[in-house]
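So the sequence shown is numbered by my numbering: it starts at 436 and just counts up by one. The block underneath contains the structure these notes are about, expressed in C-alpha cells.
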Amino acid sequence: DRDVTGVQTCALPISDPVLERAAARDRYRTGHAVLVLAGGTGVAQLCRREGAVVAPATSSVADLLEACAATHARHVTVLAEPSATTAAEVAAAQARGTGQDVVVVIAGSAVQVLAAVAVHDAARPAAEDRTAMTDAATATRHAELTTRDGLGGFVGILDGQVVVINCDLVAATRELVARLLAAGGELLTVLLGQDAPSGFAEALTEQLRAAHPRVETMVYAGDVPQRVLLVGVE
Numbered sequence: 436d437r438d439v440t441g442v443q444t445c446a447l448p449i450s451d452p453v454l455e456r457a458a459a460r461d462r463y464r465t466g467h468a469v470l471v472l473a474g475g476t477g478v479a480q481l482c483r484r485e486g487a488v489v490a491p492a493t494s495s496v497a498d499l500l501e502a503c504a505a506t507h508a509r510h511v512t513v514l515a516e517p518s519a520t521t522a523a524e525v526a527a528a529q530a531r532g533t534g535q536d537v538v539v540v541i542a543g544s545a546v547q548v549l550a551a552v553a554v555h556d557a558a559r560p561a562a563e564d565r566t567a568m569t570d571a572a573t574a575t576r577h578a579e580l581t582t583r584d585g586l587g588g589f590v591g592i593l594d595g596q597v598v599v600i601n602c603d604l605v606a607a608t609r610e611l612v613a614r615l616l617a618a619g620g621e622l623l624t625v626l627l628g629q630d631a632p633s634g635f636a637e638a639l640t641e642q643l644r645a646a647h648p649r650v651e652t653m654v655y656a657g658d659v660p661q662r663v664l665l666v667g668v669e
C-alpha cells in the first residue's frame, strides 16, 4: 500500500495486552472445571464418574497446559499428588498468563483426590468450590500398604512411618485400618493397587465390614502403581 505522499507503507498488527486478555477470556466460556492428575486406570475412571477431567500423573507441562485449555473453563482446579506438583504449578502459571484462572490443590494420596472430587459442585462459585475440595482432601486421613525388599511380608505406612509388617495381607490391612480408625471415622475408602492379588476385593470388603460394622466401607479397583492398596478415612 502507498499513503498520500506516495511512500509505501506496511500495515503491521498491533499487539494490545488488554485486547489479548479479553480475547482469551472469551475462549473460556464455562464456569469451573476440575483436572485430576491420576495414577491408575481405576482412579481415573472413578474421577471421571464425578465429572472431573483426567490426565496422566506423568503429564508434561505442555500436555497439562493443553488439558487446561481444552476444558474451556474460566476457572480450573488441578488436583495433583506430590509427584506431579512441579509440572502442575508451572502449567498453572502459564495458563494464568493466557487469562485462565488455574489453581493447584495438592493431595497427599489418591484417596484424598477422590474425597475432593466427590464434593465438587460446578454450580458453586469457584473459590467456594475450591475451599470445599481442599477441606475434604485435608480431612481425609490416609495410609498405604506396599511391599519392601528386606522387611518381609506387607508393609503398612502411616504418616511416613512403617506401622505394620505382616505376611498375611488381610491381617495387615485390618491392622492398618484399625490404626486409621482409632481417631474415629464414618467412611472408609480402599483403593486396590496393581500389586493386590486377583479377587482380593470381595474378601477384603467382607472382612472390613464385619470388623467395622458402623463404618461405611467402599473398596475399589484403583490400579494404583507400585502399591498393594491405599486407605482413606473420612
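We treat Cβ as the ideally placed atom computed from N, Cα and C, and that holds for glycine.
Limits of the alpha helix (DSSP H) - the one that residue i falls within
i    : result
G477 : 476 to 484
V650 : Neither: V650 is in no alpha helix (DSSP H) and is coded neither H nor E.
T575 : Here T575 belongs to no alpha helix (DSSP H), and DSSP marks it neither H nor E.
A613 : 604 to 616
A631 : Premise fails: A631 is in no alpha helix (DSSP H) and is neither H nor E.
Endpoints, the beta strand (DSSP E) within which residue i is located
i    : result
A473 : 465 to 473
V538 : 536 to 541
Three-state secondary structure (DSSP) of residue i
i    : result
E524 : helix
L623 : strand
L586 : coil
Q596 : strand
T493 : coil
T533 : coil
T569 : helix
A656 : strand
R509 : strand
V409 : No answer is possible for residue 409: the residues shown for the chain start at 436 and end at 669.
L665 : strand
A515 : strand
C-alpha distance - residue i paired with residue j, whole-angstrom precision
i    : j    : result
P517 : A638 : 31 Å
D438 : R531 : Residue placement at D438 cannot be trusted, given a pLDDT of 48 that sits under 50; what the coordinates show is reported in the next sentence. For D438 and R531, the distance between alpha carbons rounds to 41 Å.
R462 : N601 : 54 Å
T582 : L616 : 22 Å
L447 : V511 : Only weak support exists for where L447 lies, its pLDDT of 46 falling under 50; the value from the coordinates is given anyway. Their Cα atoms are separated by approximately 35 Å.
L580 : V597 : 10 Å
R649 : A468 : 34 Å
E524 : A645 : 43 Å
E610 : G591 : 9 Å
I449 : G534 : Summary for I449: the model assigns pLDDT 47, below 50, so the residue's position carries little reliability, and this model does not support an answer.
G620 : E669 : 5 Å
A562 : R614 : 34 Å
I541 : V478 : 16 Å
A607 : L593 : 13 Å
E641 : H555 : 30 Å
L684 : P560 : Because the chain spans 436 through 669 in this model, residue 684 falls outside it and cannot be assessed.
Beta-carbon separation (whole angstroms), residue i vs residue j, contact threshold 8 Å
i    : j    : result
L472 : A487 : Not a contact, Cβ separation roughly 10 Å.
V496 : A526 : 5 Å
R509 : T465 : 7 Å
Min CB distance residue i to chain D below 8 Å
i    : result
G634 : Structure shown: chain D not included; a single protein chain is present.
inquiry  = Is it the case that the segment 616 to 634 contacts the segment 541 to 558, given that we only count it when at least three CB pairs across the two stretches are under 8 Å?
reply    = Judged by Cβ distances under 8 Å, the segment 541 to 558 makes contact with the segment 616 to 634, as three or more pairs qualify.
For the structure I just gave you, are there three or more beta carbon pairs, one from the segment 497 to 504 and one from the segment 547 to 566, closer than 8 Å? With a cut-off of 8 Å on Cβ pairs, the segment 497 to 504 is not in contact with the segment 547 to 566, counting fewer than three such pairs.
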